[in-house]
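Undergrad: Here you go, one structure.
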Ligand SMILES: [Zn+2]
């Protein structure tokens, strides 16, 4: 028997033993019952018999699992640009390799157009140099090893406000196509508190050209939050923060058309929708 529970854009699949004997799994269906959209997080619950399971493989990447009351929960990040189609997740159960298939569906991403001053859309050599350095620093932070085994089910929204630009939006800046929006923009009054969505370590605190004042928090297991356009940063590099701790204030530093928080979430480098699992 297989039970599916829809949580936000994610299906939670619960595996139950179909007989009393160990490792007697339901055969895989012809078509997958597990769906996730581009940029989503697939949340799977392996039954109690999978106790001790610490990871699951998909897209050639090992994804973390965690013991929960109802079994072992595993999370798979599906990058924004993943080609839609059928994929396989696999895990070791003793000497056997267990598999399941899941379907990645095309995300319904909207188009977002912004108009900014010319020097914030076309860049001179000095600005390009800053931009590249910023991108490099961010890239390095996404792969920083941080201790911690975050429970993704507990992810909090870091600020109250209105979602002004959703995840995945195709951006046009002064009419020119740019890379898709890799986070969510939460518009709120300047000075609104930003809290840590999960506990973690501050792995980057910098003033960036386009992103403005930016904090990156590593939550462990390759889960990383990026917060940009901050008015003020209340924590510094190397600090450990508790879940819910105030870490910054919303602002409009860098390239911003009004005060808002840009919150990006990377999961083992995959660009995922921060709202995929928030409460
Ligand atoms: Zn943004």
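Residue numbers (our numbering): 4 to 282. Heads up, the beta-carbon is just placed ideally off N, CA and C, and yes, glycines get one too.
(1) Excluding sequence positions up to five away, which residues of its chain have a Cβ less than 8 angstroms from the Cβ of residue 247?
(2) Got a sec? Which residues, its chain only, sit under 7 angstroms from residue 286 by beta carbon, not counting five neighbours each side?
(3) Inspect the beta-carbon positions of residue 203 and residue 222 and report whether they are closer than 7 angstroms.
(4) If you follow the beta strand (DSSP E) that residue 199 is part of, which residue opens it and which one closes it?
(5) Within the same chain, show all residues whose beta-carbon is closer than 6 angstroms to that of residue 60, passing over the 5 residues directly before and after it, in chain order.
(6) Among the residues of its own chain, which have a CB less than 8 angstroms from the CB of residue 111, if the five just before and after it don't count?
(7) Give every residue of the same chain whose Cβ lies closer than 8 angstroms to the Cβ of residue 30, excluding the five residues on either side of it in the sequence, and list them in chain order.
(8) Helix, strand or coil, according to DSSP, for residue 133 in the structure here?
(9) Suppose the cutoff is 7 angstroms on Cβ atoms and the five residues either side in sequence are ignored; what does the same chain contact list for residue 32 look like?
(10) Mark residue 122 as exposed unless 16 or more other C-beta atoms lie within 10 angstroms of its C-beta, in which case mark it buried.
(11) Which residues in the same chain have their Cβ closer than 6 angstroms to the Cβ of residue 229, if we skip the five residues on either side of it in sequence?
(12) From residue 254 to residue 118, what distance separates their C-alpha atoms?
(13) Does the beta-carbon of residue 42, which I'm using as the reference point, lie nearer than 6 angstroms to any heavy atom of ligand 1?
TA: If we stick to the structure as given:
(1) Excluding the 5 residues flanking it on each side, residue 247 has same chain C-beta neighbours closer than 8 angstroms at 159, 198, 199, in chain order.
(2) Residue 286 lies beyond the residue range present for the chain, which begins at 4 and ends at 282; the question has no answer from this structure.
(3) Yes.
(4) No beta strand (DSSP E) holds residue 199; DSSP gives it neither H nor E.
(5) Counting only Cβ-Cβ distances below 6 angstroms, and skipping sequence neighbours, we find 93.
(6) Excluding positions up to five away in sequence, the list reads 40.
(7) Below a pLDDT of 50, predicted positions are generally treated as unreliable, and residue 30, at 46, falls in that range; the measurement from the model is reported next regardless. For residue 30, where only same-chain residues beyond five positions count, there are no Cβ hits under 8 angstroms.
(8) Three-state result, residue 133: helix.
(9) Confidence is the limiting factor: at residue 32 the pLDDT is only 44, short of 50, which leaves the residue's position unreliable and the question unanswerable from this model.
(10) Per the 10 Å Cβ criterion, exposed.
(11) When the five nearest sequence neighbours on each side are left out, the beta carbons in the same chain lying within less than 6 angstroms of the beta carbon of residue 229 are those of 219, 267, in order along the chain.
(12) Looking at the two C-alpha atoms, the distance is approximately 18 angstroms.
(13) Residue 42 Cβ: outside cutoff for every heavy atom of ligand 1.
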